[in-house]
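When the letters of the sequence shown are read in order and numbered with the numbering used here, they come out as residues 283 to 800.
Note that beta-carbon positions come from the ideal geometry of N, C-alpha and C, so glycine has one too.
What follows is a short report on a single structure.
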Amino acid sequence: MKKQQNKIYLYKRNPYKKADFNMWMAFPGPESFALSSLGFLWMFKSIDETDDINIEAIYQDTASTRVPVENVSLMGFSFSFDMDIFTILGMLEQHKIPLKSSERTAEHPLIFAGGPVITANPVPYKDFFDFFIIGDGEDLNLLVARICRENREKNRQEILRILSEIEGIYVPTVRQNSVKKVTKRLDECIYTPVISENAFFKNTFIIEVERGCANRCGFCLASYLNLPVRFVSYEKIIDTIELGLKYTDKIALLGAQITAHPQFKEICAYIYDKITSGKKISMSISSMRVDSFCPEVVRTLVAAGQKNTTLAIEAGSERLRRVINKNLTEDQIFKAVDIARENGLKGFKFYGMLGLPTETCDDLDEMLSLAEKIKQRYKGFDISFGFSSFVPKANTPFQWCGREDTKSLEKKVQYLKKELHKIGVKAQFSSIKWDYYQAVLSRGDEKLTDFILNAYKNGFKLGSFKSSAKNKINTDYYALENYPYEMPLPWDFIDTKPGKTFLTEESKRLLSEKRCVV
Ligand code: SF4
283 MKKQQNKIYL YKRNPYKKAD FNMWMAFPGP ESFALSSLGF LWMFKSIDET DDINIEAIYQ
343 DTASTRVPVE NVSLMGFSFS FDMDIFTILG MLEQHKIPLK SSERTAEHPL IFAGGPVITA
403 NPVPYKDFFD FFIIGDGEDL NLLVARICRE NREKNRQEIL RILSEIEGIY VPTVRQNSVK
463 KVTKRLDECI YTPVISENAF FKNTFIIEVE RGCANRCGFC LASYLNLPVR FVSYEKIIDT
523 IELGLKYTDK IALLGAQITA HPQFKEICAY IYDKITSGKK ISMSISSMRV DSFCPEVVRT
583 LVAAGQKNTT LAIEAGSERL RRVINKNLTE DQIFKAVDIA RENGLKGFKF YGMLGLPTET
643 CDDLDEMLSL AEKIKQRYKG FDISFGFSSF VPKANTPFQW CGREDTKSLE KKVQYLKKEL
703 HKIGVKAQFS SIKWDYYQAV LSRGDEKLTD FILNAYKNGF KLGSFKSSAK NKINTDYYAL
763 ENYPYEMPLP WDFIDTKPGK TFLTEESKRL LSEKRCVV
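This is the structure in C-alpha cells:
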C-alpha cells in the first residue's frame, strides 16, 4: 500500500520499472470521475502491476503527461456513454493524434476503445479507432497490451491483423464476419484499487458484487450485455469488504441488480453486525428493485447512513410495466415504500422513462395517479421523480423500436411537470433533444463519421448536431424509425448471447403485451 498525491494504492507499484513499451489508458472525463470508475481503475491496475509495460492514466483534464505522445505505442479509451465520442476526439486532438485511424502513421499510437457502448454497437465509431474490445475488458486489456508489446517491431497493419485473431477483438480494417463478445468469469471481486479524496465519490471503496440482471427489461443494455448474470461468492465479498475497511469507512456495493445476490441479506447482516458492534461504516448500494426490499437490507442502509434510496419503476401503469418486462404491481411498490419508511428511510426517488414502446396518455395518467397516491399515503416522506426518455439500444429486444418524436415527448414532459407540480411532487427530466441524438448514435452506422466529426468541430452543442446533419444525414431514420425484424442491422456481426433470434422473439412477445414470468 502506497500513498501518492492524495491517492492510496491498494497494490504494489513498481516505481523503478524498466519497461520498454509505453501505453496510455484514457478516460473521457475529468480525473475525479475516473477515480470513481471501477472498470477503468481495475484495468489500469492489471497493467500497472506488470514489469514490462509502462502505463500512464490520461484524463480530459490532464494538462501534461509523464511520457510524451511520440513515445506511446498504445492508447486505450474507456467508452461508457454514446456522447463520450466527443470528449475522446477532443483528447486525441489535444495530444496531436489524427482523429481518423486512416490518417495515423507509425509515429502514432494504436488507438482502441472498449465499454458497453462499443460492445453494443461499435459501427458509428469505426473510422476513429484502430480496434475495439467487445465484451468484458478486464483480461483482454492486458492481453492486448502484451500482444502489442511483443509485436512492437511489426507495422501497424500486421499488429492489427494479429489482434483480429483474438476472440473479442474487432479490427475495422480487417475483414471479420463475426466478432464474439467476451464474458469474464466473476470468480474474484473487482474493487477500487486506488482510494482517493479527489474522487467524485470521495474516499469510497467500491466493490462489484454481481454483474448483470436477470430481469431482462426490453430496453436494458446493462441486462442484455451482461448475460449470463454472475455473482461473486459471499466469502470473497466479505474478504474484500474487510480489505477496503482497512483504508476507509466508506464502501459502495455495485451491480445492476445487486439485491438479487443469493446471499445479499447475509452480506447486509455482516455489515449491520459490524456497525452495531461500534465500527463506523458508511455504505451505499447502486440500485434496488421493488421486489427485493426487505427490512434486513433497509435497516443496514439506514445504520450505514443512507437516508433516501432510488427505485426504478420505469412506467406508470402495470400494463406498460408488463410490456417492458418490469412486471411490478402497484401493491409491490406500496409494500416497498412501507418497508422503507418503517425501517427508517426518509425518502424515495422514483425513476421513470417516457416514450416507451406502446406508451399512451393513459400510462402517463396512471403515473400521476400513482404519485398522488404515494404522496397522500406517506405524508412527510420525501417523494420525488426523475424521468429520462426511451433510447433504443442495439442488442436489446427494443432495438427495432423507434423513439417517439421530440415534439410529442416534450409535450408529455410539460404535462407531467405541470400535473406533478399541482400535487406537490418534485420532478427532474432529462433533455429530450439530447436523448434524440443519443438514439442516433446508439443505432448508428458507418455513414455517421462525417456527422460526428462536424458536430465535434462545431462544438458538439445541440445546434451543431442539427447543422451537421442538414441535407446529409437523415437523423430521424436512426432515432425514430421502427425497423422491420428482417432488416439486417449494422451491429449484427457482434456475436452476443442470447442472440438475434431470441431478441426477435422476445421483442414480439413483449410488444404483444403477454405476461412474462422470469
Ligand atoms: S431491473 Fe433494472 S437492471 Fe434489471 S433489466 Fe430491468 S432496468 Fe435493467
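If we count the other Cβ atoms within 10 Å of its Cβ and call it buried at 16 or more, is residue i buried or exposed?
i	result
Pro510	exposed
Ser460	exposed
Ala788	Note that residue 788 corresponds to Glu in the displayed sequence, not to Ala. Buried.
Ala427	buried
Ala721	buried
Ala308	buried
Arg295	exposed
Arg457	exposed
Val389	The sequence given here has Glu at residue 389, not Val. Answer is exposed; the Cβ neighbour count stays below 16.
Cys683	buried
Glu648	buried
Gly265	With the chain covering only 283 through 800, there is no way to say anything about residue 265.
Glu470	exposed
Lys532	buried
Gln710	exposed
Thr387	exposed
Cys643	exposed
Asn756	exposed
Thr611	exposed
Kindly examine ligand 3 and report whether one of its heavy atoms sits closer than 7 Å to the Cβ of residue i.
i	result
Arg604	Ligands in the displayed structure: ligand 1; ligand 3 is not one of them.
Confirm, please, whether the CB-CB distance from residue j to residue i is below 8 Å.
i	j	result
Leu646	Gly598	yes
Ser355	Asn288	no
Val514	Leu468	yes
Ile370	Phe363	no
Thr401	Ile416	yes
Lys700	Ser666	no
Ser328	Asn433	no
Which residues bound the beta strand (DSSP E) around residue i?
i	result
Gln710	708-711
Ile596	Note on identity: in this sequence residue 596 is Glu, with Ile being the wrong assignment. 590-596 is the span of the beta strand (DSSP E), which, as asked, contains Glu596.
Val476	476-478
Ser671	664-671
Tyr341	336-341
Lys289	289-291
Asn625	Run containing Asn625: none; DSSP gives neither H nor E here.
Met570	Segment: none, Met570 is in no beta strand (DSSP E) and carries neither H nor E.
Phe414	413-415
Ala308	304-309
Could you tell me the boundaries of the alpha helix (DSSP H) in which residue i lies?
i	result
Ala751	744-751
Ile567	From DSSP, Ile567 is part of no alpha helix (DSSP H) but of the beta strand (DSSP E) over 564-567.
Ile734	731-739
Asn423	420-432
Trp716	714-724
Ser505	503-506
Asp555	546-558
Phe410	Run containing Phe410: none; DSSP gives neither H nor E here.
Taking DSSP as the reference, what is the three-state secondary structure of residue i?
i	result
Ile444	helix
Lys617	helix
Thr486	strand
Lys782	helix
Phe632	strand
Lys299	coil
Ala388	coil
Glu492	strand
Leu583	helix
Ala534	strand
Trp324	helix
Val800	Here Val800 scores only 31 on pLDDT, less than 50, and its place in the model should not be relied on; the value that follows carries that caveat. In this structure, Val800 counts as coil in the three-state DSSP scheme.
Lys657	helix
Phe359	strand
Trp773	coil
Ser794	coil
Ile606	coil
Lys518	helix
Arg685	coil
Phe680	helix
Arg348	coil
Gly450	coil
Three Cβ pairs or more, each shorter than 8 Å: is that satisfied between the region 313-320 and the region 463-483? yes
Between the region 626-640 and the region 666-678, do three or more beta carbon pairs fall short of 8 Å? The region 626-640, when compared against the region 666-678, does touch it at the 8 Å Cβ threshold.
Under 8 Å: do the region 342-350 and the region 432-449 share three or more Cβ pairs, one atom per stretch? no
Pairing CB atoms from the region 457-472 with CB atoms from the region 768-785, are three or more of them under 8 Å? yes
The region 727-740 in contact with the region 397-409 per 3-pair CB rule at 8 Å: Cβ pair count under 8 Å is three or more, so yes.
Taking 8 Å as the threshold, find out whether the region 551-563 comes into contact with the region 486-494 through three or more Cβ pairs. The region 551-563 is not in contact with the region 486-494.
Is the region 650-667 touching the region 606-623 in the sense that three or more CB pairs, one from each, lie closer than 8 Å? In the pairwise beta carbon analysis, the region 606-623 is classified as touching the region 650-667: at least three pairs are separated by under 8 Å.
Touch test, the region 600-619 against the region 558-568, Cβ-Cβ under 8 Å, three pairs minimum: no
Pairing CB atoms from the region 567-582 with CB atoms from the region 532-542, are three or more of them under 8 Å? Between the region 567-582 and the region 532-542, the count of C-beta pairs closer than 8 Å reaches three or more; the two stretches touch.
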